[in-house]
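Colleague: Okay, here's the structure, questions in a sec.
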Amino acid sequence: MTLETLSHILYLNTMAVLITGFVALVLFLFLLQRVLRLRQQLNNTQQEAEQRVAEARKQLETSQRETEVAAKEKILQVRQKVEQEVEEQRAELEKTKRRLEQREDIIDTRQRELDRLSKDLSGREEQLEQQRQQIEELTVQQFEELERIAALSRSEARQELLDRLNEELRQERLQFIQRSQQQAEEQAERLARNTIVQAIQRCAVDHTSETTVSVVPLSSDDMKGRIIGREGRNIRHFEQLSGVDLIVDDTPEAVVLSAFDPVRREVARVALENLIRDGRIHPGRIEEMIEKAQQTIETRIREAGEAATLETGVTGVHPEIVRLLGKLQFRTSFGQNVLRHSIEVSHLAGAMAGEIGARVALARRAGLLHDIGKAIDFEREGTHAQIGAEICRTHGEREEVIHAVAAHHGEVDLESVEAALVQAADAISAARPGARRETLENYLKRLESLEDIAMAFAGVEKVYAIHAGREIRVLVKPEDISDLSTYELARDMAGRIEQEMNYPGQIRVTVIRETRAIEYAK
141 MTLETLSHIL YLNTMAVLIT GFVALVLFLF LLQRVLRLRQ QLNNTQQEAE
191 QRVAEARKQL ETSQRETEVA AKEKILQVRQ KVEQEVEEQR AELEKTKRRL
241 EQREDIIDTR QRELDRLSKD LSGREEQLEQ QRQQIEELTV QQFEELERIA
291 ALSRSEARQE LLDRLNEELR QERLQFIQRS QQQAEEQAER LARNTIVQAI
341 QRCAVDHTSE TTVSVVPLSS DDMKGRIIGR EGRNIRHFEQ LSGVDLIVDD
391 TPEAVVLSAF DPVRREVARV ALENLIRDGR IHPGRIEEMI EKAQQTIETR
441 IREAGEAATL ETGVTGVHPE IVRLLGKLQF RTSFGQNVLR HSIEVSHLAG
491 AMAGEIGARV ALARRAGLLH DIGKAIDFER EGTHAQIGAE ICRTHGEREE
541 VIHAVAAHHG EVDLESVEAA LVQAADAISA ARPGARRETL ENYLKRLESL
591 EDIAMAFAGV EKVYAIHAGR EIRVLVKPED ISDLSTYELA RDMAGRIEQE
641 MNYPGQIRVT VIRETRAIEY AK
């Protein structure tokens, strides 16, 4: 390396050192100036802070002095208020003390008065005790005197008094029962009469008497021989196919058909009339006419059942029940047509249900079906009410209808108003004038039974059955039966008649007691 190069390098290094020192000097001077400026700012800030602290101390001292003044004023006000309240309470206590002292004086005065009254009461109690003892002694003496005068001991007198009281109570009870019964009977009779009259006026049915035989007129007596046939062939065949008895007797221009089954009897009548009109009477023709008559009667049966449901307004009836209703057209009970009777009962029960606010539709339905068992009662065991209830149950009738059918003759206890209305309507329909036929023998037996039942009671003198057995009048011995006992006697007689007799409608029992006082002036 040359000297020139070394000099040049040395020069460069020297220049670098100089530049670096200059830069360092400039930085030192800048930093020194910055430090002096910051110190000046710090001194200024400390002076401002000291000034603010001094001002805050002055304000705090001023606030403390003001607060102390206000607190002292508040304490003074509170002290004055408390002193005032204490003075008021002291005055109130003084008043209360004076009132208590006055009350103590009053209590002391009353206590002295109570002590005096207690002494007086003690003296009076002693007097009352003495008087009570005297009264007891007098009572014993009076009882002994009464026993001596009456010749009865105390127990005997007590028993006699009880007997008299029992008799008086019995008389009063009978009088009360009499008044209550009269009022109830008057009210019930008035309401029932109005209801029944309204129902009967709205339902008027003609009654015709029917029998178990049918009479077929003939054009001439020569027809009887043709009906009988050779060696009785025709009549035997007719009776065998129809199931009825054909009576050919001396009755002019007529033959009689007899059978307990009304449907068979009607089939035989129609067939025989057709045979007579046709004129050809032989076994083959008889069989043909009976078949046609059966079809005709079956059609009439269904039409009659449908007409009955339409007339009474009963809907939704099972077809088999409609058919059984139609069969009732050929059934009679005591000479009364059962279908017309059922229709009448339906109308009556519905009318009475409307009057008293019961279920009209249910009453009509049960009234129409109440005798449905009579359509087949000769085919099954049991009463027609039981059979009718079974029929209704089998064909889906409501339980209320089934109960009314089963209970319309009292075989089942009544559980609904509608069942009672059906029972009453049935009795009304059967009891209407001309509704049923009764033989003279049965009529006389019924009257005799009524009189025998009434005569069986003690104290009865005479009995008269009047109004066709609808009423009995009973004359009693006045020395054996009292006025009040006549009511018991009438009630007992009515109960026994209900138990022992079977009759339509109702029977009135009238008990008559008469006392006659006779004296002669001489």
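Mapping of the sequence shown onto my numbering: residues 141 to 662, in sequence order.
For glycine and all other residues, C-beta sits at the position ideal for the given N, C-alpha and C.
On a predicted model such as this, the values are computed, not experimentally measured, just so you know.
1) DSSP three-state call for Lys364: helix, strand or coil?
2) Output needed for Gln526: all residues of its chain with C-beta closer than 8 angstroms, excluding positions within five of it in sequence on either side, in chain order.
3) Ile606 lies in the beta strand (DSSP E); which residues open and close that run?
4) Do Val485 and Glu413 have their C-beta atoms within less than 8 angstroms of each other?
5) Mind reading off the beta-carbon distance from Arg666 to Val454? Whole number of angstroms is fine, and I expect it under 8 angstroms.
6) Just curious, the alpha helix (DSSP H) that Leu412 is in, first and last residue?
7) What's the C-alpha gap between Leu468 and Val616?
8) Got a sec? Which residues, its chain only, sit under 7 angstroms from Arg653 by beta carbon, not counting five neighbours each side?
9) Within 10 angstroms of its Cβ, does Gly365 collect 16 or more other Cβ (buried), or is it exposed?
10) May I have the straight-line CA-CA distance separating Leu158 from Val193, to the nearest angstrom?
11) Taking the DSSP output, what are the residues bridged to Ala394?
12) I'd like the ranges of any alpha helix (DSSP H) spanning at least 4 consecutive residues and lying wholly in the stretch 220–260.
13) Tell me whether the stretch 457–467 and the stretch 437–446 touch, counting them as touching only if at least three CB pairs, one residue from each stretch, are closer than 8 angstroms.
14) Helix, strand or coil for Thr650, going by three-state DSSP, please let me know.
15) Would you mind reading off the limits of the beta strand (DSSP E) that contains Leu386?
16) In its own chain, which residues sit with a C-beta less than 7 angstroms from the C-beta of Ala493, not counting the 5 before and 5 after it?
17) Quick check for students: name the residue ranges of the alpha helix (DSSP H) that lie wholly in the stretch 145–201, counting only runs of 4 or more.
18) Can you list, in chain order, the residues of its chain whose CB lies under 7 angstroms from that of Gln229, leaving out five sequence neighbours each side?
19) Are there three or more Cβ pairs, one per stretch, closer than 8 angstroms when the stretch 358–378 is compared with the stretch 310–322?
20) Please list the terminal residues of the continuous beta strand (DSSP E) segment that includes Arg613.
21) Give me the Cα-Cα distance between Arg577 and Thr449, rounded to the nearest whole angstrom.
22) Asn306 bridges to which residues according to DSSP?
23) When the Cα atoms are used, what is the spatial distance from Leu386 to Gly424?
24) Only counting the same chain, and skipping five residues up and downstream in sequence, which positions put a Cβ closer than 7 angstroms to that of Val403?
25) Could you tell me which residues DSSP pairs with Thr472 in its beta bridges?
26) Flag this pair as yes or no: are the beta carbons of Ile461 and Ile531 separated by less than 8 angstroms?
27) Are the CB atoms of Val384 and Ser398 within a distance shorter than 8 angstroms?
28) Using beta-carbon positions only, say whether Ser630 and Val651 come within less than 8 angstroms of one another.
29) Assuming Asp407 and Ile430 make a contact with CB atoms under 8 angstroms, what is their CB distance in whole Å?
30) Measuring only the C-alpha atoms, how far is Ala544 from Ile416?
31) Mind checking which residues open and close the alpha helix (DSSP H) that includes Lys467?
32) So is Phe518 buried or exposed if we call it buried at 16+ other beta carbons inside 10 Å?
33) Assign Lys235 to one of two classes, buried (16 or more other C-beta atoms within 10 Å of its C-beta) or exposed (fewer than that).
34) Using the three-state DSSP reduction, which class does Met633 fall into: helix, strand or coil?
35) When you compare only the Cα positions, how much space is there between Ser147 and Gly161?
36) Nearest-angstrom Cα distance between Val603 and Arg298?
Modeller: For this structure:
1) helix
2) Gly513, Ala546 and Glu551
3) Val600 to Ile606
4) no
5) Because the chain spans 141 through 662 in this model, residue 666 falls outside it and cannot be assessed.
6) Element bounds for Leu412: Pro402 to Asp418.
7) Taking the straight line from one Cα to the other gives about 47 angstroms.
8) Excluding residues up to 5 positions away in sequence, Val616, Pro618, Ile621, Asp623 and Thr626 lie with their Cβ nearer than 7 angstroms to the Cβ of Arg653 in the same chain.
9) exposed
10) 52 angstroms
11) DSSP links Ala394 through a beta bridge to Pro357.
12) none
13) yes
14) strand
15) Asp385 to Ile387
16) Here the set comprises Arg499, Val500, Ala503, Glu558 and Leu561.
17) Within the stretch 145–201, not a single complete alpha helix (DSSP H) segment reaches 4 residues in length.
18) none
19) no
20) Glu611 to Val616
21) In this prediction, Arg577 has a pLDDT of 48, which is less than 50 and means its spatial position is unreliable; nothing more can be read from the coordinates.
22) According to DSSP, Asn306 bridges with nothing at all.
23) 18 angstroms
24) Ile437, Lys467 and Phe470
25) Asn477
26) yes
27) yes
28) Per the sequence shown, residue 630 should be read as Ala rather than Ser. Yes; because the gap between Cβ atoms is below 8 angstroms, this pair is in contact.
29) It should be noted that the sequence gives Val, not Asp, for residue 407. Here Val407 really is in contact with Ile430; their C-beta atoms are around 7 angstroms apart, less than 8 angstroms.
30) 46 angstroms
31) Pro459 to Lys467
32) exposed
33) exposed
34) helix
35) 21 angstroms
36) When rounded, the distance between both Cα atoms is 42 angstroms.
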